[in-house]
DNA sequence: GGGCCCGCAGGG
DNA sequence: CCCTGCGGGCCC
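Residue numbers (the working numbering): 1 to 331.
Written out as structure tokens, the structure reads:
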């Protein structure tokens, strides 16, 4: 058999290019190399900058009601879990980042102080309008939901299925669910693939009843309900975009279960490239960068079987005071 | 595990 | 109304 498939080859090429672009965009975080051995530097395990004041509200005009009442987050046995996760064994000890106030995930039946954090509702009426730019009052960065329905109920990301939600001035929110193999997630920056170019087939009796399908044509910034155009607009308007990471996202920044609100990002670039599909159809790509003055991202221990903890020198505080980055005022 | 069906929210 | 869409459950 060939030493490396063409698919894998393209994937590596795309990943390399995407990562280089992210670096050009000023990413100053350690880079996770999934395909190469992690060179462990003699890490100074000591943490500089101990007290990290958690009062960094994320550049939000209205900071009251930021607290999520913890009394609601004691579900114990009352929380329904999707059957997919039943019986799944997850070692949460490996995922906990002590420095982070954000939970990486909850576990069914396992809920300890270390991974406890804000938890959203699973359903119910909306209290806020998801069609807004920027943060949602009362929903802290790091809030976690078992399913996408909860993200929608709490107005963080409205669609139950779609990855992009937006309006005339750009996207309100996106969901990272690992649907594209060549997306690069560096935590504080990532590349994202647009939607469209899929032929939503179905069965003969129920045509178009599928929600996803393989790529069958080029994506574009114009067609496809203009989801991609929304993100292109975000790149122009620089409106903040809410980002949700899902468990399917193959990233050390993704929760192992459910979906987590990871705060506000900004679209820095929009371009097209050959995507990860057999025919080499073009896809729309976007580079996101996280806005400063937000709680640090949780990082789970490296998932590779070699046991490389690829992440030692994480916490060096970034947030250079330049660019105070208030979200552009809502017009 | 994979296939299929399903409801839903949103934008035009 | 029409269409889409990085879900989720159920059945096999």
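For every residue, glycine included, the Cβ atom is placed at its ideal position computed from N, Cα and C.
Neighbour-count burial assignment, residue i, 16 or more Cβ in a 10 Å radius
{"i": "residue 271", "result": "exposed"}
{"i": "residue 182", "result": "buried"}
{"i": "residue 211", "result": "exposed"}
{"i": "residue 184", "result": "buried"}
{"i": "residue 160", "result": "exposed"}
{"i": "residue 176", "result": "buried"}
{"i": "residue 118", "result": "buried"}
{"i": "residue 214", "result": "exposed"}
{"i": "residue 24", "result": "exposed"}
{"i": "residue 135", "result": "buried"}
{"i": "residue 26", "result": "exposed"}
{"i": "residue 9", "result": "exposed"}
{"i": "residue 257", "result": "buried"}
{"i": "residue 167", "result": "exposed"}
{"i": "residue 172", "result": "buried"}
{"i": "residue 180", "result": "buried"}
{"i": "residue 252", "result": "buried"}
{"i": "residue 318", "result": "A caution first: residue 318 carries a pLDDT of 38, below 50, which makes its placement in the model too unreliable to give a value."}
Whole-number beta carbon distance between residue j and residue i, since they are thought to touch under 8 Å
{"i": "residue 139", "j": "residue 261", "result": "6 Å"}
{"i": "residue 130", "j": "residue 158", "result": "4 Å"}
{"i": "residue 229", "j": "residue 221", "result": "5 Å"}
{"i": "residue 178", "j": "residue 250", "result": "5 Å"}
{"i": "residue 227", "j": "residue 195", "result": "5 Å"}
{"i": "residue 276", "j": "residue 11", "result": "6 Å"}
{"i": "residue 239", "j": "residue 133", "result": "5 Å"}
{"i": "residue 235", "j": "residue 290", "result": "The pair is not a contact, with the Cβ atoms about 15 Å apart (cut-off 8 Å)."}
{"i": "residue 263", "j": "residue 174", "result": "Actually they are not in contact, since the Cβ atoms of residue 263 and residue 174 sit about 12 Å apart, beyond 8 Å."}
{"i": "residue 267", "j": "residue 299", "result": "So it is not a contact: roughly 23 Å between Cβ atoms."}
Reduced DSSP secondary structure (H/G/I, E/B, other) of residue i
{"i": "residue 169", "result": "coil"}
{"i": "residue 126", "result": "coil"}
{"i": "residue 69", "result": "The predicted position of residue 69 is uncertain, since its pLDDT is 36 and thus under 50; a value taken from the coordinates is nonetheless stated next. In the structure shown, residue 69 sits in coil (DSSP, three-state: anything other than H, G, I, E or B)."}
{"i": "residue 290", "result": "strand"}
{"i": "residue 253", "result": "coil"}
{"i": "residue 7", "result": "helix"}
{"i": "residue 52", "result": "Interpretation of residue 52 is limited by its pLDDT of 35, a score under 50 that renders its predicted location unreliable; the figure taken from the coordinates is listed afterwards. Reduced to three states, the DSSP call for residue 52 is coil."}
Within 8 Å, strictly: CB atoms of residue i and residue j
{"i": "residue 193", "j": "residue 283", "result": "yes"}
{"i": "residue 145", "j": "residue 265", "result": "no"}
{"i": "residue 150", "j": "residue 123", "result": "yes"}
{"i": "residue 353", "j": "residue 297", "result": "One cannot answer for residue 353 here, as it falls past the ends of the chain, which runs 1 to 331."}
{"i": "residue 170", "j": "residue 233", "result": "yes"}
{"i": "residue 128", "j": "residue 155", "result": "yes"}
{"i": "residue 199", "j": "residue 281", "result": "no"}
{"i": "residue 191", "j": "residue 287", "result": "yes"}
For residue i, the residue or residues it bridges with in DSSP
{"i": "residue 284", "result": "272"}
{"i": "residue 215", "result": "198"}
{"i": "residue 174", "result": "164 and 243"}
{"i": "residue 264", "result": "242"}
{"i": "residue 193", "result": "285"}
{"i": "residue 133", "result": "According to DSSP, residue 133 bridges with nothing at all."}
{"i": "residue 185", "result": "190"}
{"i": "residue 259", "result": "145 and 246"}
{"i": "residue 230", "result": "The partner list for residue 230 (beta bridge, DSSP) is empty, contrary to what the question assumes."}
{"i": "residue 23", "result": "Answer is none; residue 23 lacks a bridge partner."}
Residue i Cβ short of 7 Å to the ligand ADP heavy atom set
{"i": "residue 25", "result": "Of ligands this structure carries none, so the ligand ADP is not represented either."}
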